[in-house]
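All remarks here apply to the structure that follows.
Chains as they are written, first to last, in my numbering: chain A, -8 to 138; chain B, 19 to 151.
In C-alpha cells, the structure reads:
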C-alpha cells in the first residue's frame, strides 16, 4: 500500500492524518486484543461467549469487601486496596516482593453490556466479573431463505 | 484513596526447569520472607491455585514450592490478554537442620500461600558427666 502519493499539491497534514489512520487500523485493534497498554494494576483478561463478556483479574490476598466495582453499558471501573496482613513488630524481612496499595482502573467494553445484570465473584485470588451482553449486542442468527 | 497506588508487575517466567509438556508457562511467584524469634515465614502470591494444587517439598536443604492452576475456562473466545495463566514454581536453599521439619505448617487462602517454618530448638549444651573410678 502506498501511504504517500505524489500529487500536484500535497497537504502534509492530510497525508499525516491518513498515515495515522492507517497505523491505527493496523495496530489499534492489535493493541486492544493483546493488551499492549499494560502498566495498570490489575492485569485483566477479557473473553466472551454468545451471551456474556467475562473479565478476570488476578488480585491475590484481598478481602472481597475491599473491591469496588461500578459499571456503565460500555465501561467498567474496578477499584480497591490490597492491604498487607498484619505481622508482628519483632519481624525482620529477608525478601519483600509482594506489592500492596490501592488500585483504580477503568476499561472500555468491546460491546454494550447490561449493567444491571453484572455479577462478580472472587475465588483463589482471581476476580471474575460476568457481564451479560446487551440484547442489541448479541449475535443474531440469520436465516437464509430458499426460493 | 489514601494508600499508595499498587504497582503493576509482570509475571516472571520460570525457565530453569525446562519446558512443560502442556505448553503452559511456569511463573516465579513473588514472595515475602520474614523471620521472627520462633519461625521463618514464606508468603507467596499464586493466584488461581487452590489448596489441592500446592505441593511443598524439602529435600537436601532445598525448599521447593509448586502451585498448580486449573485449566482455563473453555468455550470462551479471548478478547484481551494482559496476563497469562500457568503454574508457579520457586525454590529456596534453607538450612534444614535449623528448622523443625515436623512442625511446618502451610495455609492457602485467596491465592496466597503462607508457609511457616518453625525454628528447631537450639541444641542444648550437653553436660558431660565426669565419672571417677
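Cβ coordinates follow ideal geometry from the N, Cα and C atoms, glycine included.
Using a Cβ-Cβ cut-off of 8 angstroms, state whether residue 134 (chain B) counts as contacting chain A.
False, the Cβ-Cβ gap to chain A never drops below 8 angstroms.
What does residue 85 (chain B) pair with, by DSSP beta-bridge criteria?
Paired residue(s): B:72 and B:106.
When you compare only the Cα positions, how much space is there between residue 88 (chain A) and residue 124 (chain B)?
Roughly 19 angstroms between the two C-alpha positions.
Using the Cβ count rule (16 or more neighbours within 10 Å means buried), how would you classify residue 115 (chain B)?
Exposed, since its Cβ has fewer than 16 Cβ neighbours within 10 Å.
Please report the distance separating the alpha-carbon of residue 126 (chain B) from that of residue 132 (chain A).
Each residue's Cα considered, the two are about 45 angstroms apart.
For residue 62 (chain A), count neighbouring C-beta atoms within 10 Å of its own C-beta (all shown protein chains included) and say buried if the count is 16 or more, exposed if not.
The residue in question, residue 62 (chain A), is buried, as its Cβ has 16 or more Cβ neighbours within 10 Å.
Check whether the Cβ atoms of residue 65 (chain B) and residue 90 (chain A) sit closer than 8 angstroms, and answer yes or no.
No, the Cβ-Cβ distance between residue 65 (chain B) and residue 90 (chain A) is not below 8 angstroms.
Are the C-beta atoms of residue 69 (chain A) and some chain B residue less than 8 angstroms apart?
False, the Cβ-Cβ gap to chain B never drops below 8 angstroms.
Using C-beta distances below 7 angstroms, list every residue in its chain close to residue 129 (chain A), excluding the 5 sequence neighbours before and after it, in chain order.
Same-chain partners within the cutoff: 41 and 42.
If I'm right that residue 78 (chain B) touches residue 52 (chain A) with Cβ under 8 angstroms, what's the distance once you round it to whole angstroms?
Not quite, the Cβ-Cβ distance comes to about 31 angstroms (not below 8 angstroms), so this is no contact.
Taking 8 angstroms as the threshold, find out whether the segment 61 to 75 of chain A comes into contact with the segment 105 to 120 of chain A through three or more Cβ pairs.
These segments touch.
Buried or exposed: where does residue 111 (chain B) fall if 16 or more other Cβ atoms within 10 Å of its Cβ makes it buried?
Label assigned to residue 111 (chain B): exposed.
What is the rounded straight-line gap between the Cα of residue 37 (chain A) and the Cα of residue 85 (chain B)?
Rounded to whole angstroms, residue 37 (chain A) to residue 85 (chain B) spans 23 angstroms at the Cα level.
What are the boundary residues of the beta strand (DSSP E) that includes residue 129 (chain B)?
Premise fails: residue 129 (chain B) is in no beta strand (DSSP E) and is neither H nor E.
Keeping to the same chain, check which residues put their C-beta closer than 6 angstroms to that of residue 132 (chain B); ignore five residues upstream and five downstream.
Counting only Cβ-Cβ distances below 6 angstroms, and skipping sequence neighbours, we find 61 and 125.
Let me check one thing: in DSSP terms, what residues is residue 45 (chain B) bridge-paired to?
Answer by DSSP bridge pairing, in chain order: B:31 and B:106.
So for residue 91 (chain A), helix, strand or coil by DSSP?
Note: residue 91 (chain A) maps to coil in three-state DSSP.
Since residue 136 (chain B) sits in a beta bridge, which residues does DSSP pair it with?
DSSP, once it has assigned bridges, lists B:57 as partnering residue 136 (chain B).
Please report how far the alpha carbon of residue 88 (chain B) lies from the alpha carbon of residue 69 (chain A), in whole angstroms.
The straight-line gap from Cα to Cα measures roughly 25 angstroms.
Return no unless some Cβ of chain A is closer than 8 angstroms to the Cβ of residue 108 (chain B).
Not closer than 8 angstroms to any Cβ of chain A, the Cβ of residue 108 (chain B) fails to qualify, so no.
Is DSSP giving residue 23 (chain A) helix, strand or coil here?
A caution first: residue 23 (chain A) carries a pLDDT of 48, below 50, which makes its placement in the model unreliable, though a value can still be read off. Helix, per DSSP.
Indicate whether at least one CB of chain B lies closer than 8 angstroms to the CB of residue 105 (chain A).
It does not; no Cβ of chain B falls within 8 angstroms.
Expressed to the nearest angstrom, what Euclidean distance is found between the alpha-carbon atoms of residue 79 (chain A) and residue 51 (chain B)?
Computed Cα separation, rounded: 13 angstroms.
What is the DSSP secondary structure of residue 23 (chain B), counted as helix, strand or coil?
In the structure shown, residue 23 (chain B) sits in a strand (DSSP, three-state: E or B).
Do residue 72 (chain B) and residue 115 (chain A) count as a contact pair if the criterion is CB distance below 8 angstroms?
Contact: no.
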